[in-house]
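J.: What follows is a single structure, and I will ask about it in a moment.
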Amino acid sequence: MRVVVNEFQALINCLPIATVCAEARCHATNYCRIQIDCVNLLYTLDKSDMEKRGGNVLLEPLTILPTTVMVLSANRESEGPPGFTSAKHLVNVVSRVFGGGVQRIVLHGYYDSYNHLEDIYWPHTRHTRRLKYADPIIIEDPNHDPSMIFMTPNRVAHARIEFCIENLSAKWHCYWHLLKLYEVLSASRKKLPQLRHIDVHIQTYSWEDVISSIIKTTRKDDVLWVNWNDVHDEFCHSFMG
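Numbering-wise (our numbering), the sequence shown opens with residue 511 and increments by one.
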């Protein structure tokens, strides 16, 4: 069997996952995984599968190798599947398919300018909704890099005063994204113990333009860090909820 980079997803889709020899499947998937940097996950439920309430079941993860998973979602059916119902739902699917070795999750979405964050991610939790306009804690340490922002387990952002003053509107948008990404971190503690990065890349259709927004985060213990120099926040989707 000859397998090249672009054939990885086709191979996985063609394997009868629930019935094929586990050892053969393991060798095939691992052989493909070492050739690529990122695996695309397009998660959708086929109506016929939902009606059967049964069928093939994924008995074990496809791979145990360290993995970056890009999760595609879209507002339009022609561009991708809809999103997940919650952060827990996302983590459950990723861990079941790719195991606990996932080190980075990239949420890549295609949405319109009228979509709000609950469309892009999932419905807000009560905790997230309550913290919509929580003020950040000002970092007094003069040695702290003004470009570094972080969110602690109590879902409070910490930033230097310079950041809060110079980026007032962008501050709130970044904070709202961090609230959603921290939901993923919270849900992943047991099932994705090696998860270190949670990123979001949104392509927003606004009239004839496509506006790109990128936020990259790093997990250190239970704290989510963002380097503002790596943030490209070109469009603000409303919080709603």
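Glycine included, each C-beta is placed from N, C-alpha and C at the ideal position.
Under the three-state reduction of DSSP, which class applies to S716: helix, strand or coil?
T.: Taking the sequence shown and counting its residues from 1, the one referred to as residue 716 is at position 206. DSSP, reduced to helix, strand and coil, places S716 within a strand of the structure shown.
J.: Out of curiosity, what's the CA-to-CA distance linking I675 and R640?
T.: Indexing the sequence shown from 1 puts residue 675 at position 165. Indexing the sequence shown from 1 puts residue 640 at position 130. Taking the straight line from one Cα to the other gives about 23 Å.
J.: Do you know whose CA, among T714, P576 and H687, lies nearest G619's CA?
T.: As a working mapping, residue 619 is identified with position 109 in the sequence shown. Closest option to G619, Cα to Cα, is T714.
J.: Skipping 5 residues on each side, what residues in its chain have a beta carbon closer than 8 Å to that of E561?
T.: The sequence position of residue 561 within the sequence shown is 51, counting from 1. With a pLDDT of only 46 at E561, under 50, the local geometry of the prediction cannot be trusted, and the value read off the model is given with reservation. Closer than 8 Å at Cβ, skipping near neighbours: no residue.
J.: Return the CA-CA distance between R729 and I708, expressed in angstroms with no decimal places.
T.: Translated into the one-based positions of the sequence shown, residue 729 becomes position 219. Translated into the one-based positions of the sequence shown, residue 708 becomes position 198. Approximately 8 Å, taken between the alpha carbons.
J.: Could you tell me the distance, in whole angstroms, from the CA atom of H457 to the CA atom of S605?
T.: What the structure shows of the chain is the stretch from 511 to 751, and residue 457 is not part of that stretch, so it cannot be assessed.
J.: Which partner residues of D622 appear in the DSSP bridge assignment?
T.: Taking the first residue of the sequence shown as 1, we reach residue 622 at position 112. DSSP links D622 through a beta bridge to Y715.
J.: Going by CA-CA distance only, name the one from L688, R699, W717 and I630 that's closest to K726.
T.: Residue 726 sits at position 216 when you count from the first residue of the sequence shown. Comparing Cα-Cα distances from K726 to each of L688, R699, W717 and I630, the minimum goes to L688.
J.: Less than 6 Å between C-beta atoms, sequence neighbours within five positions excluded: which residues of the same chain meet that for K642?
T.: As a working mapping, residue 642 is identified with position 132 in the sequence shown. Only F749 meet the Cβ criterion.
J.: By Cβ distance, which residues of its chain are closer than 6 Å to A597, with the 5 residues on each side in sequence left out?
T.: As a position in the sequence shown, residue 597 is number 87, starting the count at 1. Same-chain partners within the cutoff: E693, V694 and A697.
J.: Which first and last residues belong to the beta strand (DSSP E) in which F660 is found?
T.: By one-based count along the sequence shown, residue 660 stands at place 150. Its beta strand (DSSP E) spans residues M658 to M661.
J.: Give me whichever residues DSSP pairs with R729 in a beta bridge.
T.: Start at 1 with the first residue of the sequence shown, and residue 729 comes out as number 219. In the DSSP output, where bridge partners are listed per residue, R729 has L734.
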